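Worksheet for the structure shown next.
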Amino acid sequence: MASPKHLEALLQLMTDVNALLDQALNAESAIQAAVDALMANHTIISTGHEMDVLCEHIVRHSIIDSASDEALAELLFLLKGLLKDLNENLELGRVVLTLIYYLGIVYGANVIWIPAHPCCFGLLLASNSLSRCQLLFQVCLLQEMSISELNEFTPELIVVLFDSVERTSHSDELEDYNYALIKLLLVINDQFMMKNHARNVIENQIIACLSPRLFLGKSLGGNIIFMFNRADNSRLQRLIIRFLYIVFKTPETATFFYTNDLRVILDVVLRESRAVADEDEEIQQGYLNLLPALLHNSQLQNYKLDDVKTLLGELRRQDSGNQQSNSPGKDVPLPTTPLSAFFGNPSVKPSTRRVAERVFFECREILSK
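For the sequence shown, counting from 1, position 16 maps to 16 in full-length UniProt numbering; every step adds exactly one.
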């Protein structure tokens with residue numbers, strides 16, 4: 001906990017910065033004055049949280065409020081100059097990036113993706129800063145990266161992220177940072193998967209770095225399952241589904257999760273496959289695509305097999321009611337609910353029915369037990 005003297009110094013710094021902003025002629029000069037003040041007093045700012053508080057206070061000032069686009073342009077101009085020699089200006093870079101993040105949070109300013117720089121990602125992840133980690137997460141969500149940009153996610157950097165997740169997993173004070181790191185790993189994985197969608201053009205460093213450390217990443221696995229079971233954000237749920245899919249699909253990582261974790265995953269799939277709205281068809285199909293890997297996992301044995309049969313039966317049933325799709329091989333009687341027995345499930349879109357049919361075909365031997 002900060003000492004009274006330290007808190008007094010921070011409050012005085014906030015007062016001084018506020019006075020500078022009051023005197024500024026425009027948003028550009030206000031940003032420059034704020035950056036200069038934070039740099040001149042950076043030894044007072046001892047934690048990432050303190051930097052966050054100061055930067056959010058700055059971007060909420062009325063002079064920034066009236067010209068947030070101009071403020072963002074000035075910050076991006078400063079950052080562009082920093083990228084030429086970032087190693088010599090790490091503290092300045094952290095100040096600028098934190099201001100950019102809070103400008104986007106407060107005003108919805110568009111954070112423009114800055115071409116990857118050898119030091120940029122390390123800068124964003126420095127000193128346990130939640131805001132900088134969240135900024136990089138938002139940057140990765142913004143658009144698909146190029147191969148040269150993805151190459152900046154080196155094995156060394158990914159290992160640092162993995163280690164940071166484990167290191168911060170047992171601290172209540174660092175809980176938000178821990179989950180921000182996990183979300184960052186998930187979105188980086190998604191970037192690699194998007195790039196390799198048509199064919200493999202670059203090694204997925206998330207999977208490559210995870211495979212030799214399956215028994216070192218149990219906090220990562222447990223927290224991902226926790227997020228998967230409670231996520232109310234469709235974007236995050238999609239990232240987790242895609243991570244689970246590639247982990248299960250890759251032989252070297254297929255055993256990453258504990259048996260109890262696999263049961264929770266199946267429980268979520270059974271629950272959410274019915275709960276998702278029509279506009280979340282992609283997520284619903286993502287849940288279904290996890291079923292073959294789960295059902296073929298010997299750790300689960302016959303866990304909730306009847307529930308899986310019921311789910312696939314409802315999704316495969318055609319609108320005509322009792323009509324069933326013709327699958328090669330031995331078919332399985334489709335368990336139904338009373339309503340679906342008469343009317344089918346007309347809310348299921350044809351593409352989802354096709355996914356359910358394919359999943360059933362891939363798992364037909366297990367489902368016939």
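We treat Cβ as the ideally placed atom computed from N, Cα and C, and that holds for glycine.
Note that the coordinates shown come from a computational prediction; the quantities given were computed from them, not determined experimentally.
| Query | Result |
| --- | --- |
| Under the rule that 16 or more other beta-carbon atoms within 10 Å means buried, what is ILE202, buried or exposed? | exposed |
| Hey, which unbroken runs of the alpha helix (DSSP H) at 4 residues or more fall wholly within the region 122–168? | 130–142, 147–150, 155–168 |
| In whole angstroms, what is the alpha-carbon distance linking PHE361 and ASN297? | 16 Å |
| So is HIS61 buried or exposed if we call it buried at 16+ other beta carbons inside 10 Å? | buried |
| With a 10 Å radius around its C-beta and 16 neighbouring C-beta atoms as the bar for buried, classify ARG230 as buried or exposed. | exposed |
| Is LEU315 closer than 7 Å to ALA356 when the C-beta atoms are compared? | yes |
| When the Cα atoms are used, what is the spatial distance from LEU184 to CYS133? | 7 Å |
| Do you know offhand how far GLY217's Cα is from ILE246's? | 16 Å |
| Is the region 97–106 in contact with the region 134–152, if contact means three or more CB pairs nearer than 8 Å? | yes |
| Considering ASN204, what are the terminal residues of the alpha helix (DSSP H) in which it resides? | No alpha helix (DSSP H) contains ASN204, which DSSP labels as neither H nor E. |
| So for SER29, helix, strand or coil by DSSP? | helix |
| Beta-carbon within less than 8 Å of ASN26's beta-carbon, same chain only, minus the 5 sequence neighbours each way: which residues are those? | ILE63, ALA67, GLU70 |
| Between ASN223 and SER169, which are expected to be in contact by the criterion C-beta below 8 Å, what is the C-beta distance as a whole number of angstroms? | 7 Å |
| From VAL359 to SER131, what distance separates their C-alpha atoms? | 41 Å |
| Does the Cβ-Cβ distance between ALA34 and VAL17 come in under 7 Å? | yes |
| Closer than 8 Å by C-beta to ALA37: which residues in its own chain qualify, once you throw out the five before and the five after it? Chain order, please. | LEU13, ASP16, VAL17, LEU20 |
| Measure from the alpha carbon of VAL59 to the alpha carbon of each residue in HIS49, LEU72, THR47, then state which is nearest. | LEU72 |
| I need the boundaries of the alpha helix (DSSP H) containing residue 390, first residue and last residue. | For residue 390 there is no data in the structure shown, the boundaries of the chain being 1 and 369. |
| For ASN200, count neighbouring Cβ atoms within 10 angstroms of its own Cβ and tell me buried if that reaches 16, exposed if not. | exposed |
| Assign ALA67 to one of three DSSP states: helix, strand, or coil. | coil |
| ILE100 and LEU75 look like a contact to me (Cβ under 8 Å); what is the Cβ gap, rounded to whole Å? | 5 Å |
| Write down the C-beta distance between VAL308 and LEU288 rounded to the nearest angstrom, noting that I regard them as a contact closer than 8 Å. | With 8 Å as the limit, VAL308 and LEU288 do not qualify as a contact, their Cβ atoms being about 10 Å apart. |
| Hey, out of SER211, GLN205, ARG242, LEU220, whose CA is closest to ILE182's CA? | LEU220 |
| Where do the N-terminal and C-terminal ends of the alpha helix (DSSP H) with residue 370 fall, by residue? | Any question about residue 370 goes unanswered here, given that the chain covers just 1 to 369. |
| Looking at the unbroken alpha helix (DSSP H) that takes in THR15, where does it start and where does it end? | 4–23 |
| With DSSP collapsed to three states, give me the class of GLY108. | coil |
| Only counting the same chain, and skipping five residues up and downstream in sequence, which positions put a Cβ closer than 8 Å to that of LEU300? | THR259, LEU262, ARG263, LEU266, LEU294 |
| Tell me the residue span of the alpha helix (DSSP H) that contains HIS57. | 48–59 |
| For CYS55, which residues from the same chain have a beta carbon less than 6 Å from its beta carbon, with the 5 sequence-adjacent residues on both sides left out? | THR98, LEU99, TYR102 |
| Near PRO292, which residues of its chain fall below 7 Å by C-beta distance, leaving aside the five closest residues on each side in sequence? | VAL359, GLU362, CYS363 |
| Report the rounded CA-to-CA distance for ASP176 versus LEU367, giving the unit in angstroms. | 41 Å |
| Is the Cβ-Cβ distance between LEU270 and LEU214 less than 7 Å? | no |
| Which whole-angstrom value is the C-beta distance of LEU186 and PHE256, which I expect to be below 8 Å? | 14 Å between Cβ atoms; not a contact. |
| Taking only the alpha-carbon atoms, compute the straight-line gap between ASP163 and PHE226 and give it to the nearest angstrom. | 19 Å |
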